[in-house]
Amino acid sequence: MLQQEERARFEANVLPHLDAAYNLARWILHGRTEAQDVTQEAMLRAYRFFGTFHSGDARAWLLQIVRNCCYTWLKKNRVTEDMSELDELAMPQEKETPESLAMANSDRDALRRGLEQLPRHFREILVLRELEGCSYKEIAAITSRPIGTVMSGLARARQQLRQFLTEPARKEAHHDL
Amino acid sequence: MTCELSQTRLHAYLDNELDAMGAAEFERHLETCPDCKTQLAASEKLRKALSQVQLYERAPASLRSKIQSSLPKLPATTHGSRSTSPAPWQRLALAAALLLAAVLGWRQWDGANHPAYQQTLAAATVDAHLRSMQPGHLADVVSTDQHTVKPWFDGRLTFAPPVRDFADAGFPLIGGRLDVIDGRTVAALVYGRRKHIVNVFVAKAEPSAAWSGSGGIQGYHWTAWQKDGLSFCAVSDAAAADLEQLKQLFLAP
């Protein structure tokens, strides 16, 4: 009985943010299979420690757990940034929906690749801000960084992404090395 | 080479993270700094591109069901945490007591401005948002065209909700429906915000009740405001700053 109530509360508060959890894991880890595994692990972890969550922003609380699980996974699997990036670039794209096909595919690919190539700590900030719509305060809480660092990181991340988009030739040459 | 402000202040401005004074100050600076102007335009363009190409990836359905099926096998809380937090029945009892106090408080003072009543209303509004997230419940009229959605409400309500598409500002209109909150029939306007859904509930404002303010419940944000004799409340799991932006769009003439 008690367990059922706790579960209902978890389902109402935390489970709605599953998409946010998966999206963050996918962008931190690059790979979708890894992202699924780590998201599941993070969700179960969140469930186990749900008793310590009293009130506040459930999404930020969950994303913080997801992020920690991602970095633990990366450390355990000794993934270096460069290797995973090249792997991901060779991976097939996700299933297209009619809407996404209608978009300018070249823009989309360029942006996706640009985002993939950002250093991980810039990428996660940009994903939280631009895709997830988190405030600076939430990003600071999720990434355990001061707000000032979030702010300057975001500036750098956008600058680098723009640079990548305007100088694709240079980047491709870099990849051939 | 680049203006120092453009490194961080500009981004905080772009993200709506500057307070009113900071924003005004930066706008004054923009007038005299072509460098910042160029940087801001480029960053805005990048943001727009990012929001349009749909890079957000939703969790596959298989993952969702895998997680749901693995939940009940686990103990709900660790022993350590249980000792520090009230048992669920205690929480329920507390919630019931608070609700009762809120309702009684509202009746007694007959003031809908009472914070406890506003909290109850906020909870009811977030509930309505959650209900709308069930498959098939989001919109009775699905259209991105405000001239289709607006007439749909004619004859269904005793007031005309202002229906406007804010796609240019990143809040595309998705549709509308009727909803019931606190026993009253209200209009619900549905907007998209990146991958999030925003419900804007519109009701006739009661003379004694000027519901405004904002808050969060269960990970959802709400923002309420009044305009032209109507009462508005936006609810979403999108960021609080996004709701504030939408509110400003509604308040603009």
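Note that the protein sequences, when read in sequence, are chains P and D.
Going by my numbering, the first sequence wraps up at 563, each residue one higher than the last.
Going by my numbering, the second sequence wraps up at 320, each residue one higher than the last.
Beta carbons are placed, not taken as given, at the ideal position from N, Cα and C, and that holds for glycine.
### Query
What's the C-alpha gap between G242 (chain D) and F396 (chain P)?
Our two residues, G242 (chain D) and F396 (chain P), have alpha carbons roughly 30 Å apart in a direct line.
### Task
Taking the CB atoms as reference points, tell me whether E124 (chain D) and R494 (chain P) lie closer together than 7 Å.
Contact flag unset, no.
### Same chain, Cβ closer than 8 Å to D207 (chain D), five either side skipped, listed in chain order
Excluding residues within five positions, the ones whose Cβ falls inside 8 Å are W219, G242, G243, R244 and L245.
#### Entry: Whether T306 (chain D) touches S521 (chain P) by CB criterion (7 Å)
A quick correction: the sequence has Ala, not Thr, at residue 306 (chain D). The Cβ atoms of A306 (chain D) and S521 (chain P) sit closer than 7 Å to each other.
### Task
Indicate whether at least one CB of chain D lies closer than 7 Å to the CB of C520 (chain P).
C520 (chain P) counts as touching chain D.
### Message
Looking at the secondary structure, which residues open and close the alpha helix (DSSP H) in which C455 (chain P) lies?
### Response
DSSP places C455 (chain P) in the uninterrupted alpha helix (DSSP H) bounded by A444 to K462.
### Message
Taking 7 Å as the limit between beta carbons, can you name the residues of its chain near A406 (chain P), skipping five residues before and five after?
### Response
Only R445, L449 and E518 meet the Cβ criterion.
### Task
Note down, in chain order, each residue of its chain lying with its Cβ closer than 8 Å to the Cβ of R509 (chain P), except the 5 sequence neighbours on either side.
Close CB contacts of R509 (chain P) within its chain, under the 8 Å cut and outside five residues either way in sequence, are with W413, I414, L501, E502 and A543 (chain order).
### C-beta neighbour in chain P for Q185 (chain D), strict 7 Å
Judged by the 7 Å Cβ criterion, Q185 (chain D) is not in contact with chain P.
### Query
Would you report the Cα separation of F28 (chain D) and H416 (chain P), rounded to the nearest angstrom?
Nothing about residue 28 (chain D) can be read from this structure; chain D reaches only from 68 to 320.
### Task
Could you name the residues of chain P that L117 (chain D) contacts, counting a contact when the two beta carbons are closer than 9 Å?
Correct list: L497, L501, L512, E516, L517 and L547.
### Residues in the stretch 410-438 of chain P having any Cβ partner in chain D nearer than 7 Å
Taking 7 Å as the cut-off between beta carbons, the residues of the stretch 410-438 of chain P near chain D are R412, Q422, T425, Q426, M429, L430, Y433, R434, F435, F436, G437 and T438, in sequence order.
#### Entry: Outcome for G442 (chain P) when other beta-carbon atoms lying within 10 angstroms are tallied against a minimum of 16
With fewer than 16 Cβ atoms within 10 Å of its Cβ, G442 (chain P) is classed as exposed.
### Terminal residues of the beta strand (DSSP E) in which A206 (chain D) lies
No residue range can be given for A206 (chain D), since it is assigned to no beta strand (DSSP E) and is classified by DSSP as neither H nor E.
### Task
Using a Cβ cut-off of 8 Å, pull out every chain D residue sitting near A398 (chain P), in sequence order please.
Those are L197 and Q285, listed as they occur along chain D.
### Query
How big is the Cα-Cα spacing for F299 (chain D) and F436 (chain P)?
Straight-line spacing of the CA atoms in F299 (chain D) and F436 (chain P) works out to 33 Å.
### Query
Taking DSSP as the reference, what is the three-state secondary structure of L401 (chain P)?
Here L401 (chain P) sits in helix by DSSP.
#### Entry: Extent of the continuous alpha helix (DSSP H) to which L256 (chain D) belongs
Counting along the chain, L256 (chain D) falls outside any alpha helix (DSSP H), though it belongs to the beta strand (DSSP E) covering R251 to R260.
### Query
If you draw a straight line from the alpha carbon of Y457 (chain P) to that of Y184 (chain D), how long is it in whole angstroms?
So the two alpha carbons sit approximately 44 Å from each other.
### Task
Take the Cβ of D295 (chain D) as the centre, count every other Cβ of all protein chains shown within 10 Å, and call the residue buried at 16 or more, exposed below.
The residue in question, D295 (chain D), is exposed, as its Cβ has fewer than 16 Cβ neighbours within 10 Å.
### Message
With H, G and I counted as helix, E and B as strand and the rest as coil, what does DSSP make of E480 (chain P)?
### Response
With a pLDDT of only 43 at E480 (chain P), under the threshold of 50, the placement of this residue in the model should not be trusted; the figure read from the coordinates follows. The DSSP-derived three-state label of E480 (chain P) is coil.
### Query
For the stretch 254-262 of chain D against the stretch 273-292 of chain D, are there 3 or more C-beta pairs whose distance is under 8 Å?
The stretch 254-262 of chain D, when compared against the stretch 273-292 of chain D, does not touch it at the 8 Å Cβ threshold.
### Query
Candidates D:Q293, D:E98, D:Y80 and D:D194: which alpha carbon is nearest A90 (chain D)'s?
For A90 (chain D), the nearest C-alpha among the options comes from D:Y80.
### Query
List, in order along the chain, the chain P residues whose C-beta lies closer than 7 Å to that of A308 (chain D)?
Within chain P, the residues S521 have their CB atoms less than 7 Å from the CB of A308 (chain D), given in chain order.
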